[in-house]
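Notes for the one structure printed next.
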Amino acid sequence: MLGRKDADETGTDEDGRQIPCARLSWVFNVGQADGYQSEKARTTYDNQVFPIAQADALIAASLATHQGEQACYRPSTDEIVLLLQHLFTGTSTSSATEA
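The C-terminal position of the sequence shown is numbered 101 in the working numbering, with every residue numbered one higher than the one before it.
Below, the structure written as structure tokens:
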């Protein structure tokens with residue numbers, strides 16, 4: 003659950019502007035919800051997007067790799083890591099991490 007709360011008791015800075023503060027709280031563990039059935043894990047055969055040849059060529063030229071479940075740049079090894087291709091959920095966002 004994402005909630006908004008003022009950063010201090012007065013809720014304003016020295017110029018009188020409100021200072022918002024976002025706080026993330028875990029409400030419950032999904033495993034504790036009676037009757038909930040989790041989604042079937044997606045496999046490499048469940049690709050929900052159609053590859054674009056030019057994009058694939060750009061990724062290949064960048065030497066980025068598809069591994070793991072989180073996209074990032076690793077400065078320690080100077081590498082770009084992308085989500086496994088079957089984890090991309092669609093093309094309505096500019097990247098899989100925004101979905």
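C-beta: ideal position from N, C-alpha, C; glycine also.
Contact under 9 Å by Cβ, residue i with residue j
i: LEU65; j: ALA73; result: no
i: GLN69; j: VAL51; result: no
i: PRO53; j: GLN87; result: yes
i: GLU81; j: THR67; result: yes
Assigned exposure category for residue i - 16 Cβ within 10 Å defines buried
i: ALA101; result: At ALA101 the pLDDT is 46, less than 50, meaning the model places this residue with poor confidence and gives no usable figure here.
i: LEU60; result: exposed
i: LEU26; result: exposed
Sheet register partners of residue i (DSSP bridge)
i: HIS68; result: LEU84
i: TYR75; result: ILE82
Closer than 8 Å: residue i CB and nearest the ligand PLP heavy atom
i: GLN56; result: As for the ligand PLP, it is missing from this structure, which has no ligand bound.
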